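Notes for the one structure printed next.
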Amino acid sequence: MSVRVLFFGATADVAGKRETSIDLGGNSNVGAALESVLRDQPSLQSYKLLFSVNQEYAELDTSISDGDELAIFTPVSGG
Amino acid sequence: MSVRVLFFGATADVAGKRETSIDLGGNSNVGAALESVLRDQPSLQSYKLLFSVNQEYAELDTSISDGDELAIFTPVSGG
Amino acid sequence: MDFFELISEPIDITTVARRVVPPECGATVTLDGYVRKFTKGRETLHLFYEAYEPMALKEMRKLIEQAKRDFEISNVGIVHRLGRLEIGETSVVISVAAPHRKAAFAACEWLIRELKRTVPIWKKEVYADGEVWVEGESEPPAVAGG
Amino acid sequence: MDFFELISEPIDITTVARRVVPPECGATVTLDGYVRKFTKGRETLHLFYEAYEPMALKEMRKLIEQAKRDFEISNVGIVHRLGRLEIGETSVVISVAAPHRKAAFAACEWLIRELKRTVPIWKKEVYADGEVWVEGESEPPAVAGG
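Chains as they are written, first to last, in the numbering used here: chain C, 539 to 617; chain Z, 539 to 617; chain R, 24 to 169; chain A, 24 to 169.
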């Protein structure tokens with residue numbers, strides 16, 4: 539299955555892109571997706587990371603399905 | 539001695555004027571001035587009244603001197 | 024950069040809020056008080072504010088001085104409008120700028136509470152069938168020196 | 024009459040504050056956050072805000088819904104600016120209208136604290152000698168449903 543991955547702010551700068559796509563086996567979750575992303579982008583490991591799936595905050599054990607939108611970002615700093 | 543007396547809002551409406559002048563003996567205070575005012579304006583007695591002398595809040599025992607400015611008004615309602 | 028004013032023209036709150044901003048600050052909290060259409064179910068047509076102007080300005084100055092002693096704030100602006108106000112028009116604006124917003128919130132809330140208690144301004148509500156000078160609900164200020 | 028927006032143009036806080044006012048209300052409290060010139064002694068030349076826009080709007084909507092459940096308030100407006108901001112320009116405005124000002128103060132303070140914690144917006148500070156994406160200091164939000 540295919541998952542769209544979005545980066546913002548610091549994670550976009552580190553990844554050198556704002557968006558990518560990863561392929562995962564069935565019954566996957568955020569943790570498995572993150573492992574896949576970190577293989578390509580090991581520098582992201584030094585950041586505190588937050589996640590969302592389909593624009594809702596998620597944790598490492600949040601499940602992911604085909605076509606989902608995963609976002610990986612640092613703690614927010616708006617305001 | 540002569541004291542200038544100012545009215546505002548409800549007290550000005552009741553007194554039918556915004557300003558008057560009263561004559562008092564020496565060593566007077568707000569209480570004595572109020573008695574003098576109430577003789578002319580007995581309807582003021584039904585109001586909760588606050589006082590200032592020379593634009594500073596005052597109480598009945600605050601002393602008054604010749605030329606002072608006494609104001610008599612109801613609790614403030616600005617804002 | 025503090026200021027306190029009594030004016031008879033409409034109040035522009037952006038202008039008030041901006042005038043208190045110093046470069047080191049991060050947040051301004053603004054209280055915008057305005058004419059209510061209904062008070063206890065009775066419809067107000069318009070309002071009229073009257074002040075004992077020189078004393079009101081003295082009391083506003085005291086409030087700002089006290090707020091700057093008690094809260095970690097940079098600047099305060101207070102503008103109160105006088106005369107006739109239509110429904111929805113701003114009667115008072117208090118803006119407080121501070122490096123950290125917590126102090127700005129606390130000081131702004133303290134300032135409006137104290138202003139309603141101590142600054143000699145009176146509000147007259149005008150209804151279809153009459154008018155009433157509103158009596159303040161708060162205790163009068165303690166007198167320093169008695 | 025609630026609203027939540029992400030915009031790239033300057034924010035006019037009077038307009039924001041006025042849009043939340045219903046006829047029964049008596050006070051609007053507005054938080055105006057803006058670009059600080061100095062952060063920890065380092066001079067910022069300008070800032071850049073970026074958002075995960077659809078999620079940011081969802082989170083802003085949630086904040087307003089929660090605030091209206093928890094506080095006795097009438098309307099909330101939140102406008103956050105994105106893109107490049109110069110020193111002193113407003114980055115965020117939160118206006119809360121309520122029949123009684125106490126609830127407006129409490130809700131506005133809660134909203135800005137939660138916005139900084141939950142709404143996916145990031146700030147980049149640009150200095151003479153570099154730029155840094157600021158990392159939020161607050162704990163991330165708990166995940167509903169996990």
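Each residue gets a CB set at the ideal place from its N, CA and C atoms; glycine is no exception. Everything numeric in this text was worked out from a predicted model, so none of it was measured.
Neighbourhood of residue i by C-beta distance below 7 Å, restricted to the same chain and skipping five residues each side
{"i": "residue 148 of chain R", "result": "62, 67, 70, 154, 155, 157"}
{"i": "residue 94 of chain A", "result": "126, 129, 130"}
{"i": "residue 20 of chain A", "result": "Nothing in the structure corresponds to residue 20 of chain A, since chain A is present only between 24 and 169."}
{"i": "residue 27 of chain A", "result": "80, 83, 84, 87, 101"}
Residue-level contact to chain R via CB, residue i, 9 Å cutoff
{"i": "residue 143 of chain A", "result": "no"}
{"i": "residue 35 of chain A", "result": "yes"}
{"i": "residue 124 of chain A", "result": "yes"}
{"i": "residue 47 of chain A", "result": "yes"}
{"i": "residue 63 of chain A", "result": "no"}
{"i": "residue 558 of chain Z", "result": "no"}
{"i": "residue 619 of chain Z", "result": "Because chain Z in this structure spans residues 539 to 617, residue 619 of chain Z falls outside the shown range and cannot be described."}
{"i": "residue 169 of chain A", "result": "Legend: pLDDT at residue 169 of chain A = 38, less than 50; position of this residue unreliable, no value from coordinates given."}
{"i": "residue 52 of chain A", "result": "yes"}
{"i": "residue 32 of chain A", "result": "no"}
{"i": "residue 548 of chain Z", "result": "yes"}
{"i": "residue 132 of chain A", "result": "yes"}
Environment of residue i [buried if 16+ CB atoms lie within 10 Å]
{"i": "residue 123 of chain A", "result": "exposed"}
{"i": "residue 143 of chain R", "result": "buried"}
{"i": "residue 169 of chain A", "result": "Note that residue 169 of chain A has pLDDT 38, beneath the 50 cutoff, so the model's placement of it is unreliable and the number below is only indicative. Residue 169 of chain A is exposed by the Cβ-count criterion."}
{"i": "residue 547 of chain Z", "result": "buried"}
{"i": "residue 83 of chain A", "result": "buried"}
{"i": "residue 150 of chain A", "result": "exposed"}
{"i": "residue 603 of chain C", "result": "exposed"}
{"i": "residue 615 of chain Z", "result": "buried"}
Sequence-distant residues of the same chain with beta carbon closer than 6 Å to residue i, five excluded per side
{"i": "residue 137 of chain A", "result": "86"}
{"i": "residue 601 of chain Z", "result": "567"}
{"i": "residue 561 of chain Z", "result": "540"}
{"i": "residue 553 of chain Z", "result": "545, 579"}
{"i": "residue 116 of chain A", "result": "34, 36, 39, 55, 102"}
{"i": "residue 585 of chain C", "result": "612"}
{"i": "residue 75 of chain A", "result": "143"}
{"i": "residue 31 of chain A", "result": "105, 106"}
Residue i Cβ short of 8 Å to the ligand ATP heavy atom set
{"i": "residue 556 of chain Z", "result": "Here there are no bound small molecules, and the ligand ATP is not part of this structure."}
Residue-level contact to chain A via CB, residue i, 9 Å cutoff
{"i": "residue 57 of chain R", "result": "yes"}
{"i": "residue 40 of chain R", "result": "yes"}
{"i": "residue 99 of chain R", "result": "no"}
{"i": "residue 555 of chain C", "result": "no"}
{"i": "residue 569 of chain C", "result": "no"}
{"i": "residue 82 of chain R", "result": "no"}
{"i": "residue 613 of chain C", "result": "yes"}
Proximity of residue i and residue j at Cβ, strictly below 9 Å
{"i": "residue 599 of chain C", "j": "residue 569 of chain C", "result": "yes"}
{"i": "residue 98 of chain A", "j": "residue 79 of chain A", "result": "no"}
{"i": "residue 605 of chain Z", "j": "residue 56 of chain R", "result": "no"}
{"i": "residue 544 of chain C", "j": "residue 556 of chain C", "result": "yes"}
{"i": "residue 81 of chain A", "j": "residue 593 of chain C", "result": "yes"}
{"i": "residue 597 of chain C", "j": "residue 542 of chain C", "result": "no"}
Cβ neighbours of residue i in the same chain (closer than 8 Å, five flanking residues each side left out)
{"i": "residue 60 of chain A", "result": "66, 67, 110, 111"}
{"i": "residue 72 of chain R", "result": "103, 104, 105, 106, 108, 114, 144, 145, 146, 147"}
{"i": "residue 595 of chain C", "result": "588, 589"}
{"i": "residue 25 of chain R", "result": "43, 87, 91, 98, 99, 100"}
{"i": "residue 135 of chain A", "result": "54, 56, 115, 117"}
{"i": "residue 47 of chain R", "result": "97, 122"}
{"i": "residue 549 of chain C", "result": "582, 585, 587, 610, 611, 612"}
{"i": "residue 559 of chain Z", "result": "540, 541, 542, 543"}
Any chain Z beta carbon closer than 9 Å to residue i
{"i": "residue 138 of chain R", "result": "yes"}
{"i": "residue 160 of chain R", "result": "yes"}
{"i": "residue 112 of chain R", "result": "no"}
{"i": "residue 103 of chain R", "result": "yes"}
{"i": "residue 135 of chain R", "result": "yes"}
{"i": "residue 60 of chain R", "result": "no"}
{"i": "residue 79 of chain R", "result": "yes"}
Interface flag, residue i vs chain C, CB-CB below 9 Å
{"i": "residue 156 of chain A", "result": "yes"}
{"i": "residue 74 of chain A", "result": "yes"}
{"i": "residue 129 of chain A", "result": "no"}
{"i": "residue 149 of chain A", "result": "no"}
{"i": "residue 119 of chain A", "result": "no"}
Looking at C-beta atoms only, is the number of pairs between the stretch 604 to 617 of chain C and the stretch 579 to 592 of chain C that lie closer than 8 Å three or more?
Counting C-beta pairs with one atom in each stretch, the stretch 604 to 617 of chain C and the stretch 579 to 592 of chain C have three or more that are closer than 8 Å, which means they touch.
Sufficient close CB pairs (3 or more, under 8 Å) joining the stretch 579 to 586 of chain C to the stretch 102 to 115 of chain A
No, they do not touch.
Decide yes or no for the touch test of the stretch 50 to 62 of chain R against the stretch 29 to 42 of chain R: beta carbon pairs closer than 8 Å, at least 3 of them.
Yes, the stretch 50 to 62 of chain R touches the stretch 29 to 42 of chain R.
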